[in-house]
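Q:
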Amino acid sequence: MFSTLGGKLGFGVTAELQGVDMDKIPLRLPSDAVEKGRNFKTVTEVQQDGQNFTWSQHYPGGHSVTNKFTIGKECDMESMGGKKFKATVLMEGGKIVVEFPNYRQTSEIVGDKLVEISTIGGVTYERVSKRLA
Numbered sequence: 002m003f004s005t006l007g008g009k010l011g012f013g014v015t016a017e018l019q020g021v022d023m024d025k026i027p028l029r030l031p032s033d034a035v036e037k038g039r040n041f042k043t044v045t046e047v048q049q050d051g052q053n054f055t056w057s058q059h060y061p062g063g064h065s066v067t068n069k070f071t072i073g074k075e076c077d078m079e080s081m082g083g084k085k086f087k088a089t090v091l092m093e094g095g096k097i098v099v100e101f102p103n104y105r106q107t108s109e110i111v112g113d114k115l116v117e118i119s120t121i122g123g124v125t126y127e128r129v130s131k132r133l134a
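Going by the working numbering, the letters in the sequence shown line up with residues 2 to 134, in that order.
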């Protein structure tokens, strides 16, 4: 759980979004980016210092997105598509939760896995990442 997490963790995942029609998810990304996203490998790094987090996602081809936030405080964030927005990240029962119009994501550590559940425009998918050694 994030409530007891300290330090830096790294997780790796090959996102296999089975049963999800990527064309129905309103990511507002170019079609070639959506196609690449159907089955790609991502590395997520989570650093926590109390209520302060640095959350980085590293994508194929060298693209990375890093967001820094403090639980309960509004912050500037960036999506993987480069869209910048403001959000307040909350902690609910050991899960990190972020919401903004048409999007909700929860993230939690379960054993040695990072479990992320995203709902975008009414479509929900789960991504499970294994902890890297």
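All residues carry an ideal CB built from backbone N, CA and C; glycine is no exception.
Predicted, not measured: the structure shown is a model, and the values here were computed from it.
(1) Assuming T55 and T67 make a contact with CB atoms under 8 Å, what is their CB distance in whole Å?
(2) Can you give me the C-alpha to C-alpha distance between Q49 and F86, rounded to a whole angstrom?
(3) Among residues of its own chain, excluding the 5 on either side of G20, which ones have a beta-carbon nearer than 7 Å to its beta-carbon?
(4) What does DSSP give as the partner residue(s) for Y60 in the beta ladder?
(5) Give every residue of the same chain whose Cβ lies closer than 7 Å to the Cβ of K74, excluding the five residues on either side of it in the sequence, and list them in chain order.
(6) Measure the alpha-carbon distance for I118 versus R128 and round it to whole angstroms.
(7) In the DSSP assignment, what are the bridge partners of D77?
A: So, to answer that:
(1) 6 Å
(2) 22 Å
(3) Note that G20 scores a pLDDT of 42, beneath 50, so its modelled location is shaky and nothing firm can be said.
(4) Its beta-bridge partners do not exist; DSSP assigns none.
(5) T89
(6) 6 Å
(7) K87
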